[in-house]
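The structure appears right after this line, and notes come after that.
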Amino acid sequence: MTTERNDFDPKAYNPKFERHFLAPKYWGTWLGVVLSLPLAMLPLGAQQWLAKTIAKKLAKSHKGPAHRTRVNFELCFPEKTFQEREALIEKTLYTAALFFFRFSLLSLRSPKWLQQRCQIRGLDILQQHIDNNENVILMVPHSWAIDIPAILLASMGMPVSAMAKKQKNEVADWLMHKQRVQYGGRVYERSGGIKPFLKSIRDGYIGYYLPDQDHGPEHSVFVDFFATRKATLPGLGKIAKLSRAKVLPMFASMNTEDGSFDIEILPAFELDQGEEQDARTCNQAIEYFVGTKPEQYMWVLQLLHSQEDGSNYYNLFKPRYKSDWKV
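Mapped onto my numbering, the consecutive letters of the sequence shown carry residue numbers 926 to 1252.
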């Protein structure tokens, strides 16, 4: 890629500031933005104290993020004791809170600041494919630091192309988009179909593929995921074939001790064994990354909402947790 690259694509999602963003319905959002800036500039020690305070409170809740995380942990890690899972819930929420306190720094600081605070293992693997003029798709699980590699790579002259769902809050959506593409890259709205995304990969952009959200049984296959089974998107192999790309698993995490970021890129894997086996291969990569640092993963998502028998564990487990937590 050259510095003369034009990232604009009329088919991409390109939100702009609108006057109605200043309407009273968005004042709460703007207040949150204003408050996030001084919080981001606090010393790391102060942010850690605030994050721990918030995490301790949230972890005791019977609903919301703590409840979803509790359900996910019981299904995925039944070998852990109740006490171990509860401690991991607090650690997960602490990691999330600390990351969000520092999230605005991605816009407030320079690209050099970001580059100095990121350690990348496997960058040579990615660079080799680029040097060989090979298309690349990064398979990126939902860690708290999921946006970091995309922004970092763009700041290094390797912009990515991703698909995303438009947020309901237009102000938050616009601000998030501006931060994600501040150094280049493209984002395509998922509702617009996959063809523009595929074309961008063939044009030399690094594909950014998120494999682990639950999009419903009609769009998924059920394969093993830790100790349970998960509705998993089966199409990455087809996407790789259509875009003529190599697929490299990648995971980003935040070091909660010093606020730096760790990024690991693995060698390309083959996805040509059929939908179920390809989906299982993706889940195995997630298990590898998350197994040693589970607190870095977005367990607050309804990752296991779809079940083969139609059950909804997030509803089924509510009475049980309220009456007897020590399952």
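Glycine included, C-beta positions come from ideal geometry on N, C-alpha and C. Since the model is a prediction, treat every value here as computed from it, not as a measurement.
Q: Using the Cα positions of Lys936 and Gly1162, report the straight-line distance between them to the nearest angstrom.
A: 24 Å
Q. Quick one: Cα of Gln1198 to Cα of Val1096, how far?
A. 43 Å
Q.
Short of 7 Å in beta carbon distance, which residues of its chain neighbour Leu1241, apart from the five on each side in sequence? Order them along the chain.
A. none
Q. So what does DSSP say about Val1252, is it helix, strand or coil?
A. Unreliable positioning characterises Val1252 in this predicted model, as indicated by a pLDDT of 47, which lies under 50. The coordinate reading is nonetheless provided below. Coil.
Q | Buried or exposed (CB count within 10 angstroms, at least 16 for buried), Leu947 | A | exposed
**Q.** Neighbourhood of Glu1004 by C-beta, 8 Å cutoff - its chain only, sequence neighbours within 5 removed
**A.** Ala1152
(Q) Our contact map puts Val1065 next to Tyr1133 with C-beta atoms below 8 Å; I'd like the distance itself, whole angstroms only. (A) 6 Å
Q) Below 8 Å, can you find three or more Cβ-Cβ pairs linking the stretch 983–992 to the stretch 946–966? A) no
Q: Determine contact between the stretch 1130–1149 and the stretch 1054–1068, defined as no fewer than three beta-carbon pairs at a distance below 8 Å.
A: Contact annotation: the stretch 1130–1149 touches the stretch 1054–1068, with at least three C-beta pairs closer than 8 Å.
Q: Name the residue from Leu1196, Leu1173 and Asn939 whose alpha carbon lies nearest to the alpha carbon of Gly1160.
A: Leu1196
Q: With DSSP as the reference, label Pro1174 as helix, strand or coil.
A: strand
Q.
By the DSSP assignment, the alpha helix (DSSP H) with Ala1156 in it spans what residues?
A. Here Ala1156 belongs to no alpha helix (DSSP H); instead the beta strand (DSSP E) covers Thr1153 to Thr1157.
**Q.** Cβ pair Ser1145, Thr1157 closer than 7 Å
**A.** The beta carbons of Ser1145 and Thr1157 sit closer together than 7 Å.
Q. Rounded C-beta distance between Thr994 and Val1225? I'm assuming under 8 Å.
A. Thr994 to Val1225, Cβ: 5 Å. Contact.
Q.
Quick check: Glu1220 and Lys1016, are their CB atoms within less than 7 Å of each other?
A. yes
(Q) Spatial neighbours of Thr954 within its chain, please: C-beta separation below 8 Å, excluding the five flanking residues on both sides. (A) Asn1094, Val1096 and Ala1097
**Q.** Residues near Gln1227 by beta carbon distance below 8 Å, same chain, minus five either side
**A.** Arg993, Asp1139 and Tyr1239
Q: Might you give, ordered along the chain, the residues of its own chain that have their beta carbon closer than 6 Å to the beta carbon of Gln1044, omitting 5 neighbours on each side?
A: Result list for Gln1044: Asp1187, in chain order.
Q. Over what stretch of residues does the alpha helix (DSSP H) that includes Ile1062 continue unbroken?
A. Looking at the DSSP string, Ile1062 is not in any alpha helix (DSSP H); the run it does join, the beta strand (DSSP E), is Asn1060 to Met1064.
**Q.** Residue range of the unbroken beta strand (DSSP E) whose run includes Asp1056
**A.** Segment Leu1048 to Asp1056 is the alpha helix (DSSP H) holding Asp1056; no beta strand (DSSP E) there.
Q: State the beta-bridge partners of Ser1068 as determined by DSSP.
A: Note: Ser1068 sits in a beta bridge opposite Tyr1222.
(Q) Within 10 Å of its beta-carbon, does Asp1128 have 16 or more other beta-carbons around it, so buried, or fewer, so exposed? (A) Taking all protein chains in view, the Cβ of Asp1128 is surrounded by fewer than 16 other Cβ atoms within 10 Å, so the residue is classified as exposed.
Q) Which first and last residues belong to the alpha helix (DSSP H) in which Ser961 is found? A) Counting along the chain, the alpha helix (DSSP H) containing Ser961 begins and ends at Trp952 to Ala965.
Q. Would Gln1253 be called buried (16 or more neighbouring beta carbons within 10 Å of its own) or exposed?
A. A query on residue 1253 cannot be resolved here, the shown segment of the chain reaching from 926 to 1252 and no further.
Q. Based on the DSSP secondary-structure assignment, which residues constitute the bridge partners of Asp1187?
A. Asp1187 pairs with Gln1044 and Ser1178.
(Q) Does the stretch 1048–1063 come into contact with the stretch 1208–1218, if we say contact requires no fewer than three beta-carbon pairs (one atom in each stretch) closer than 8 Å? (A) no
Q) Quick one: what does DSSP say Ile979 is sitting in, helix, strand or coil? A) helix
Q) Distance, Cα to Cα, Thr927 vs Gly1082? A) The pLDDT assigned to Thr927 is 40, lower than 50, so where the model puts this residue is not dependable; a value taken from the coordinates is nonetheless given after this. Straight-line Cα distance between these residues: approximately 8 Å.
Q: Measure the alpha-carbon distance for Gly1117 versus Lys1171 and round it to whole angstroms.
A: In a straight line, the C-alpha of Gly1117 is about 24 Å away from that of Lys1171.
Q) Looking only at DSSP bridge pairs, what is Asp1149 linked to? A) Answer by DSSP bridge pairing, in chain order: Arg1154.
Q: With DSSP collapsed to three states, give me the class of Tyr1130.
A: coil
Q) What separation, rounded to the nearest whole angstrom, lies between the Cα atoms of Leu1078 and Pro968? A) 26 Å
Q. For Tyr1222, which residues from the same chain have a beta carbon less than 6 Å from its beta carbon, with the 5 sequence-adjacent residues on both sides left out?
A. Excluding residues up to 5 positions away in sequence, Ser1068 and Val1215 lie with their Cβ nearer than 6 Å to the Cβ of Tyr1222 in the same chain.
Q. When the distance is taken between beta carbons, is Ala1177 closer than 7 Å to Pro1074?
A. yes
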